[in-house]
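Each number in this note's numbering comes from the position in the sequence shown (counting from 1) with 10 added on.
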Amino acid sequence: MPTLDDILEHIGEFDLFQKRAFFVLCLLSASFTPIYVGVVFLGFSPEHRCLSPGVAELSSRCGWSLEEELNYTVPEQGRHGESFSSQCRRYNVDWNTTGLSCTNPLENFTGYGNRSSIPLTTCQDGWVYSSSGSSIVTKFNLVCEDSWKLDLFQSCVNTGFFIGSLSIGYIADRFGRKLCLLITILVNSISGVLMAFAPSYMWMLIYRFIQGLVSKGGWLTGYVLITEFVGLSYRRTVGIVYQVAFSVGLLVLSAIAYMIPHWRWLQLTVTLPNFFFLLYYWCLPESPRWLIAQQRNDKAMKIINRIAKGNGKKVPPSLQSLNPEEEDGEKLSPSFLDLVRTPQIRKHTLILMYTWFTSSVLYQGLIMHMGIAGGNIYLDFFYSALVEFPAALILILTVDRIGRRYPWAAANLVAGAACLLTAFIPDNIYWLKITTACLGRMGITMCYEMVCLVNAELYPTFLRNLGVLVCSSMCDIGGIITPFIVYRLAEIWHELPLVVFAVVGLIDGGLVLLLPETKGKTLPETIEDAENMHRQRKRKKEVIYVHVSTTEVAPN
Numbered sequence: 011m012p013t014l015d016d017i018l019e020h021i022g023e024f025d026l027f028q029k030r031a032f033f034v035l036c037l038l039s040a041s042f043t044p045i046y047v048g049v050v051f052l053g054f055s056p057e058h059r060c061l062s063p064g065v066a067e068l069s070s071r072c073g074w075s076l077e078e079e080l081n082y083t084v085p086e087q088g089r090h091g092e093s094f095s096s097q098c099r100r101y102n103v104d105w106n107t108t109g110l111s112c113t114n115p116l117e118n119f120t121g122y123g124n125r126s127s128i129p130l131t132t133c134q135d136g137w138v139y140s141s142s143g144s145s146i147v148t149k150f151n152l153v154c155e156d157s158w159k160l161d162l163f164q165s166c167v168n169t170g171f172f173i174g175s176l177s178i179g180y181i182a183d184r185f186g187r188k189l190c191l192l193i194t195i196l197v198n199s200i201s202g203v204l205m206a207f208a209p210s211y212m213w214m215l216i217y218r219f220i221q222g223l224v225s226k227g228g229w230l231t232g233y234v235l236i237t238e239f240v241g242l243s244y245r246r247t248v249g250i251v252y253q254v255a256f257s258v259g260l261l262v263l264s265a266i267a268y269m270i271p272h273w274r275w276l277q278l279t280v281t282l283p284n285f286f287f288l289l290y291y292w293c294l295p296e297s298p299r300w301l302i303a304q305q306r307n308d309k310a311m312k313i314i315n316r317i318a319k320g321n322g323k324k325v326p327p328s329l330q331s332l333n334p335e336e337e338d339g340e341k342l343s344p345s346f347l348d349l350v351r352t353p354q355i356r357k358h359t360l361i362l363m364y365t366w367f368t369s370s371v372l373y374q375g376l377i378m379h380m381g382i383a384g385g386n387i388y389l390d391f392f393y394s395a396l397v398e399f400p401a402a403l404i405l406i407l408t409v410d411r412i413g414r415r416y417p418w419a420a421a422n423l424v425a426g427a428a429c430l431l432t433a434f435i436p437d438n439i440y441w442l443k444i445t446t447a448c449l450g451r452m453g454i455t456m457c458y459e460m461v462c463l464v465n466a467e468l469y470p471t472f473l474r475n476l477g478v479l480v481c482s483s484m485c486d487i488g489g490i491i492t493p494f495i496v497y498r499l500a501e502i503w504h505e506l507p508l509v510v511f512a513v514v515g516l517i518d519g520g521l522v523l524l525l526p527e528t529k530g531k532t533l534p535e536t537i538e539d540a541e542n543m544h545r546q547r548k549r550k551k552e553v554i555y556v557h558v559s560t561t562e563v564a565p566n
């Protein structure tokens, strides 16, 4: 009996219908960017100092410049041999005292021999921020003793990603890709709007957690859906370009954030377009592969005929029936135990989980580590996003010629080696240090794109979405601990996080070679297909050879 891949060869593996579906799903991929990395702009921490009552009036009376005001009224402390204006302490004096000098106001306070002996106190009256825009930091004063609340904000997103990876994956495999996608879009849109109007930090935290709960699951469901629409020869391309759409979202986000430096308006601007994705109810059909796995062949054939009509073709009469192999004649339902029950799938699951973890730690860690030096936040974000495009181009040019495993392993080795080299390049050779770090960013971006592609290719249809989301949940664990790796280890030695990244990446480079090569292989439909993937190559060549020979002889 024919498989879906056989039918797609006749009605179009990536024709007009699939291209339209692919385009609208790429818009969904780009819209995930503000949730994944939006904290860079939503949680921007500008320079700040304590608000001291009476200083503004004194500065106005004396005609001070900003530099003079800071020099006269803000305490200085030594840090790493440098002097900086204290951000979390102020002089414990009354600036409303009459008769204060404009040239040295602190000398008017009797009892203090010099500036260093003046007692300090906390910022009891709030802070003054140097930025003209706003962020959740400036709105809720997430600085000094409350700076950990910004870390908690991002941790809640990653916690939502983790929980959603388990629950959304099950829903998509149990009730269908399309229903799951629409539910996640609706919940994500509503919670995103509510977050923009959050009256307090706690409510903002709750809404952000809900966004994390559904957004990543929706993104990966869209990824699985488009790979199940297209034929074998186009599967890797749409998988890579789907992730390139995320990179495009990075560029768009940096431009929008530059034009809208106020966090509530920024949050609304990047959230409201999500409501248009509810039109997918009419634009996208259910995955025919999922329907076949659920033994709903009649509905699957209707969708196949819809795809054929959209491509201007017809399904040949000889391919009108679908009877996939079934295990014990029963409808297959996904189970978490299926991910570890059989030896090959268990090996795939464990390696993929580590690979997702590695990709997240290195991808986010390199961004955080480069951000320690500061700089223009918009340009730095923009330039780092540009590095991802050559990574995608390299994959497109290699994965169908060389395969998946070797470019994947090479990318891990490049990322790990680049991290190690960057750690030991002297700071005075800054251009070389940045270039090497960008090379590492390119390598780990390739790994990220490759694991998304291969993860979906190693699991049978009924288990595919659950397998992708469970394995990818480890990248959320990586996202939670990466800030601690970067900032805590950097206190011991600034380059120590890079050494850790190098070790993690090099280990992953060896592990991915233990996975089967999926180049040119059909998506597995059953547990047995997935278990035999490492033996499929020779048998596949024989089948293709017989098919070609028969086709050539028939006309004679």
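Positions of the beta carbon are idealized from the N, C-alpha and C atoms, including for glycine. Keep in mind it's a predicted model, so treat the numbers as computed, not measured.
- For Arg30, same chain residues with a beta-carbon under 8 Å away, outside a window of 5 residues either side, are Cys293 and Gly320 in chain order.
- The region 194-282 contains no complete beta strand (DSSP E) run of 3 or more residues.
- With respect to the 8 Å criterion, Leu405 and Ile216 are not classified as neighbours on the basis of their beta carbons.
- For the alpha helix (DSSP H) assignment, the uninterrupted runs of no fewer than 4 residues enclosed by the region 432-469 are, from N- to C-terminal side, 440-467.
- In the DSSP assignment, Leu52 falls within the alpha helix (DSSP H) that extends over Val49 to Leu52.
- Under the three-state reduction of DSSP output, Glu86 falls in the strand class.
- For Ser144, the beta-bridge partners assigned by DSSP are His272.
- Residue burial is scored here from C-beta neighbours: Cys112 has fewer than 16 other C-beta atoms within 10 angstroms and is therefore classed as exposed.
- DSSP places Arg30 inside the alpha helix (DSSP H), whose first and last residues are Leu26 to Ser41.
- Cβ-Cβ separation between Asn422 and Gly489: approximately 19 Å, too far for a contact (criterion under 8 Å).
- Excluding sequence positions up to five before and after Arg218, its CB lies within less than 7 Å of the CB of Phe163, Cys166, Val167 and Met205, all in the same chain and listed in chain order.
- Secondary structure note for Cys60: its beta strand (DSSP E) is the uninterrupted segment His58 to Cys60.
- If one requires a minimum length of 4 residues, the alpha helix (DSSP H) runs lying completely within the region 350-410 are 353-381, 387-396 and 398-408, in chain order.
- Inter-residue distance for Leu18 and Val325 is about 9 Å (C-alpha atoms, whole angstroms).
- Taking the Cα of Asn198 as reference, the smallest distance to any Cα among Cys72, Tyr373, Thr43 and Leu442 is reached at Thr43.
- The residues Gly174, Ser175, Ile178, Gly179, Thr194 and Leu479, in chain order, have a CB closer than 7 Å to that of Gly227 in the same chain once the five nearest residues on each side in sequence are set aside.
- Distance from the CA atom of Glu398 to the CA atom of Arg451, rounded to whole angstroms, is 8 Å.
- Taking the Cα positions, Leu430 is about 23 Å away from Ile487.
- Taking a contact as a CB-CB distance under 8 Å, the pair Val350 and Trp418 does not count as one, their CB atoms being some 23 Å apart.
- If you look at Leu130, you'll find it isn't in any alpha helix (DSSP H); it sits in the beta strand (DSSP E) that goes Leu130 to Thr132.
- Annotation: Arg316 is outside any beta strand (DSSP E); the continuous alpha helix (DSSP H) that includes it extends over Asn307 to Gly320.
- Taking all protein chains shown into account, Tyr252 has 16 or more neighbouring C-beta atoms within 10 Å of its C-beta and is therefore buried.
- Bounds of the beta strand (DSSP E) holding Arg100 are Arg99 to Tyr101.
- Apart from the 5 residues on each side of it in sequence, Phe285 sits with its Cβ closer than 6 Å to the Cβ of Ser199 in its chain, given in chain order.
- In this structure the region 58-65 does not touch the region 234-246; the number of beta carbon pairs closer than 8 Å is below three.
- Counting C-beta atoms within 10 angstroms of its own C-beta, Gln134 has fewer than 16 neighbours from the protein chains shown and is therefore classed as exposed.
- Annotated three-state conformation of Val138 is strand, per DSSP.
- Residue Glu527 holds the alpha-carbon nearest to the alpha-carbon of Arg411 among Pro271, Asn542, Ile495 and Glu527.
- Each of Lys323, Ser345, Ala428 and Asp348 was checked against the Cα of Tyr373, and the nearest Cα belongs to Ala428.
- By the C-beta density criterion, Tyr291 is exposed, having fewer than 16 other C-beta atoms within 10 angstroms.
- Boundaries of the alpha helix (DSSP H) around Gly520: Leu506 to Leu521.
- Around Thr231, the same chain offers Ala182, Arg187, Cys190 and Leu191 as residues with beta carbons nearer than 6 Å, after the five sequence neighbours per side are excluded.
- Here the alpha carbons of Leu110 and Ile444 stand approximately 50 Å from one another.
- With 16 or more neighbouring CB atoms inside 10 Å of its own CB, Ile454 falls in the buried class.
- Of the residues Glu505, Asn81, Cys98 and Cys481, the one whose Cα lies closest to the Cα of Arg356 is Cys481.
- Contact annotation: the region 466-475 touches the region 531-538, with at least three C-beta pairs closer than 8 Å.
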